[in-house]
Structure formats: structure tokens, C-alpha cells
Amino acid sequence: MPTFVTNKKAHFNYEILERYEAGIELLGFEVKSIRASRASLDGSHMTMRGGEAFLIGSSVTPLQPKNTPGSYDERRNRKLLLTKKEIADLGKKGEQKGLTIVPLSMYNKKRTIKVEIAVVRGKKKRDKRESLKKREAGRDIERTLKGID
203 MPTFVTNKKA
213 HFNYEILERY
223 EAGIELLGFE
233 VKSIRASRAS
243 LDGSHMTMRG
253 GEAFLIGSSV
263 TPLQPKNTPG
273 SYDERRNRKL
283 LLTKKEIADL
293 GKKGEQKGLT
303 IVPLSMYNKK
313 RTIKVEIAVV
323 RGKKKRDKRE
333 SLKKREAGRD
343 IERTLKGID
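Counted the way our numbering counts, the sequence shown spans residues 203 to 351.
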């Protein structure tokens with residue numbers, strides 16, 4: 203299950219509450235671009251429209267720009283493929299105050315590209331500082347262990 207694209211800032215900016223796996227509706231040349239890691243999930247989120255889930259703000263840069271249609275928009279809204287129950291659950295959670303639904307990664311499962319989405323709550327500034335301290339402490343421990351061997 204190779205991961206093509208990750209949203210690195212999501213783990214730093216948000217506290218992850220629940221994770222879901224969704225399919226995504228793509229065009230053929232978009233699939234090639236994603237497999238070549240030419241996509242970005244920074245600043246993207248999920249929204250509900252008419253009982254359907256859409257990924258908004260993600261970018262898929264064409265792999266071969268000359269072979270893409272002239273009207274192609276790399277930041278277009280892409281439909282997420284979820285069950286009715288998952289859509290209902292995410293719709294309720296998305297309406298709650300302080301909760302957002304963001305994509306975490308795009309990866310390959312068998313022959314399809316999947317998106318891992320998560321219900322998240324924004325971290326406060328002090329929580330971000332705390333996670334930076336934990337990361338620094340872990341790096342220091344790794345350095346000392348590496349120096350001992």
C-alpha cells in the first residue's frame with residue numbers, strides 16, 4: 203500500500219479524532235499524476251453538498267501538461283466515494299462546532315486510489331508547542347543512542 207501524498211501539516215495543526223477511508227472520483231491523467239506524487243493536500247478539506255461528499259482545495263498537477271484538456275482546473279472539487287452511513291456520520295460531525303474534516307493521505311489499495319480523511323479539532327498554540335517539545339526530545343534520545351553504539 204504505497205502512500206503517494208500526505209498532508210504533513212494536518213498532524214501538527216489538528217488533533218485527529220476519527221479516520222475514514224474514501225474512494226475518489228478522478229480523471230485518467232489525474233491518476234497518473236497522483237501515482238507520480240504530483241498532488242497536494244495542503245489547505246484542503248471535505249464538505250457536503252446535496253447528500254454527497256466533496257474534496258475541496260486539493261491540487262493535482264498534470265503529469266504531461268500538453269496532453270491535458272485546455273479547460274482542466276487542477277484545483278477542481280472532487281467527489282469522494284463513501285457509503286450512505288459514512289456520509290450521514292460525517293455530515294453530522296462536520297456541522298458540530300470546532301470540528302473539521304480534512305484529508306490525511308492518498309494511497310493505493312489494490313488498483314484504486316483511496317483518500318484517508320479524518321474528523322479533526324484544531325490544536326491550540328500551547329498544544330503545538332508541546333508536540334514540538336516531544337519531537338525535539340525524541341530526536342535528542344535518538345542522537346544519544348546513536349552516539350553510544
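Cβ coordinates follow ideal geometry from the N, Cα and C atoms, glycine included.
Checklist entry - Mapping DSSP to helix, strand and coil, what is residue 312? => result coil
Checklist entry - Taking all protein chains shown into account, do 16 or more other C-beta atoms lie within 10 angstroms of the C-beta of residue 305, making it buried, or fewer, making it exposed? => result The residue is buried, with at least 16 neighbouring Cβ atoms inside 10 Å.
Checklist entry - Alpha carbon to alpha carbon, what distance is there between residue 263 and residue 297? => result 31 Å
Checklist entry - Among 209, 205 and 220, which residue has its Cα nearest to the Cα of residue 356? => result Coverage of the chain is limited to positions 203 through 351, which leaves residue 356 absent and any answer about it impossible.
Next on the checklist: Please identify the residue among 216, 258, 205 and 206 whose C-alpha is closest to the C-alpha of residue 328.
Outcome noted: 216
Checklist entry - DSSP state of residue 255, grouped into three classes? => result strand
Checklist entry - What residue ranges within the stretch 241-305 form continuous beta strand (DSSP E) runs of no fewer than 3 residues, ordered along the chain? => result 247-251, 254-258 and 280-283
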